[in-house]
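Written out below as structure tokens is the structure these notes cover.
In this note's numbering, the protein residues as written are 1 to 581.
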């Protein structure tokens, strides 16, 4: 019986402790900011009901000093207050009534900058907009913030000898005014000295190509943070430590120490997903990060699903600015089997990708593709295409990858294939895709558009992968994947049947609104329209629907029920997942 008795005793103790009374301290008068500051200063909040009277009297005397200090911190130097202490049978309570009085106002802000920083625009901006202005109520927190701005800026821009020669707030109680005085001597601005790199996996000359600054440049902590980010995102290093060596200052230069810890050479990944368009999908990935000491790497990716399966292996070569540009040589295979077409595509190619300083991504590619494909009941045809292309891509978000409330992206690609270089057919194709997200109340407005245009003599000479189709999870919901497009009447078993054969042009638009009902759940309503067509002769298919969104770490998981507005069509279920942008 020992255990039950002990358990009951513990439960009884817990219940009694929960029911214990607490002191009630009420503050009246003044602004909420003043009352909150007094609460922050008061030591009484830490006391229990059983605090003896002698300690309460001592704390009351201390509280008088703390309340005065709390008022002065916000400029209330004439603050008065009264407190009333009462007792009940089991606890004590206190009411503090505050009369702030007239606040002390800032009469003048005097800021003087000496040293090399006198001509530095960053220091000049603080001097011009210190955050404290004539006529403001004195706030010592703002004064300390202003001082911290000077010291932080000095450390970030290499003024390692910077110090305040004079710093004070002169308060005149008679005039109810204050003068803020700061004199800051920045000293010299240090320059970059020796750059010391510690790593043992790649060629030093390659690692140095990430560095955008050089010895003799002015020191900038921002540039060091950018370099750290580039190393961490390079896929070569698991940890990058970059810091100035302030113990080895020489003259007016500071050494920079860089320590890099390598990632494991081999990387393996396995994933799974599901979507209505493709069904269940398995993903496998492999990477050899260190084919050579110059940063060359090898990747292989396999994606398997009932509708579309792909395999690609690529040899990646970093270029002059490895964080911003690389060359890729690749080969791959893609099998596709949709309701409207089937295709086996083999490709080999090379691409050059450059990330510009304005955050636009440019890709120039040249592919050779051999494709065996058939659309509808067309005879299978084999095409050989040499396809040069150029594409641009840009994404801008609010920094929330799983549920951005504002942002947009844009992809545009121009490609073609000339018969003069041995291709089976000549064509020129322009394709674009855009998405825009804007906050609206507790929800978001999502706009989506997709368009394409192809110039070709005969559509039937194009392989399935080059033709345009519409319909599916990311196109016009309510219709099956790639089930929309121009149709062709053919005879099957003595009957005339219309089959989708694809088009040379494409236009799809969508408007959607989703609304958060819980932190990780949203409901959505949408309207989609679009189709593929020939010569801009679009017969738009339209749909409306409702959906549910679960905000997962990898982006929303979307479950949609869509009603195609064509007569005689029913409801369709769509499941998809992944980031919005």
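Even glycine gets a Cβ: it sits at the ideal position worked out from N, Cα and C.
Compare the Cα-Cα distances from residue i to each of the options and report the closest residue.
| i | options | result |
| --- | --- | --- |
| residue 149 | 330, 133, 140 and 123 | 123 |
| residue 114 | 93, 132 and 161 | 161 |
| residue 155 | 129, 171 and 186 | 186 |
| residue 552 | 532, 571, 578 and 534 | 578 |
| residue 409 | 380, 447, 424 and 44 | 447 |
| residue 21 | 90, 75 and 84 | 90 |
| residue 272 | 261, 316, 285 and 265 | 285 |
| residue 404 | 484, 414, 382 and 436 | 436 |
| residue 466 | 453, 477, 269 and 476 | 453 |
| residue 545 | 485, 513, 294 and 539 | 513 |
| residue 260 | 556, 464, 249 and 196 | 196 |
| residue 109 | 119, 101, 128 and 159 | 128 |
| residue 332 | 302, 223 and 322 | 302 |
| residue 426 | 392, 393, 509 and 462 | 462 |
| residue 176 | 231, 106, 220 and 524 | 106 |
| residue 130 | 119, 112 and 305 | 112 |
| residue 293 | 431, 163, 282 and 318 | 318 |
| residue 139 | 116, 152, 72 and 45 | 72 |
| residue 397 | 376, 28 and 359 | 359 |
| residue 497 | 377, 265 and 524 | 377 |
| residue 153 | 179, 141, 184 and 174 | 184 |
State buried or exposed for residue i, treating a residue as buried only when at least 16 other CB atoms are found within 10 Å of its CB.
| i | result |
| --- | --- |
| residue 166 | exposed |
| residue 244 | buried |
| residue 568 | exposed |
| residue 12 | Note that residue 12 has pLDDT 42, beneath the 50 cutoff, so the model's placement of it is unreliable and the number below is only indicative. So residue 12 counts as exposed. |
| residue 521 | exposed |
| residue 103 | buried |
| residue 168 | exposed |
| residue 387 | buried |
| residue 626 | Outside the modelled stretch of the chain, which goes from 1 to 581, sits residue 626, for which no answer is possible. |
| residue 379 | exposed |
| residue 121 | exposed |
| residue 536 | exposed |
| residue 475 | buried |
| residue 500 | buried |
| residue 562 | buried |
| residue 444 | buried |
| residue 57 | exposed |
| residue 248 | exposed |
On the DSSP letters alone, give me the boundaries of the beta strand (DSSP E) that residue i sits inside.
| i | result |
| --- | --- |
| residue 28 | 24 to 28 |
| residue 319 | That residue, residue 319, is in no beta strand (DSSP E); it is neither H nor E in DSSP. |
| residue 104 | Run containing residue 104: none; DSSP gives neither H nor E here. |
| residue 362 | 361 to 375 |
| residue 499 | 495 to 500 |
| residue 466 | Premise fails: residue 466 is in no beta strand (DSSP E) and is neither H nor E. |
| residue 227 | Note, residue 227: premise wrong, no beta strand (DSSP E); alpha helix (DSSP H) at 221 to 232. |
| residue 170 | 163 to 172 |
| residue 326 | 325 to 337 |
| residue 511 | 505 to 518 |
| residue 255 | 253 to 262 |
| residue 428 | 427 to 440 |
Residues bridged to residue i by DSSP?
| i | result |
| --- | --- |
| residue 546 | 525 and 561 |
| residue 272 | 282 |
| residue 300 | 286 and 313 |
| residue 207 | None, per the DSSP bridge assignment. |
| residue 184 | 113 and 164 |
| residue 50 | Answer is none; residue 50 lacks a bridge partner. |
| residue 487 | 500 |
| residue 381 | 373 |
Just curious, the alpha helix (DSSP H) that residue i is in, first and last residue?
| i | result |
| --- | --- |
| residue 244 | First-last for residue 244: 237 to 244, but that is the beta strand (DSSP E), not the alpha helix (DSSP H). |
| residue 56 | 53 to 73 |
| residue 150 | 140 to 156 |
| residue 121 | 121 to 128 |
| residue 201 | No alpha helix (DSSP H) holds residue 201; DSSP gives it neither H nor E. |
| residue 37 | 32 to 41 |
Verify the contact flag: residue i, CB atom, against every heavy atom of the ligand FAD, threshold strictly below 6 Å.
| i | result |
| --- | --- |
| residue 97 | Within the structure as shown, the ligand FAD is missing, as the structure has no ligands at all. |
*Curious, which full-length beta strand (DSSP E) runs of at least 3 residues does the segment 387 to 423 contain?*
407 to 417
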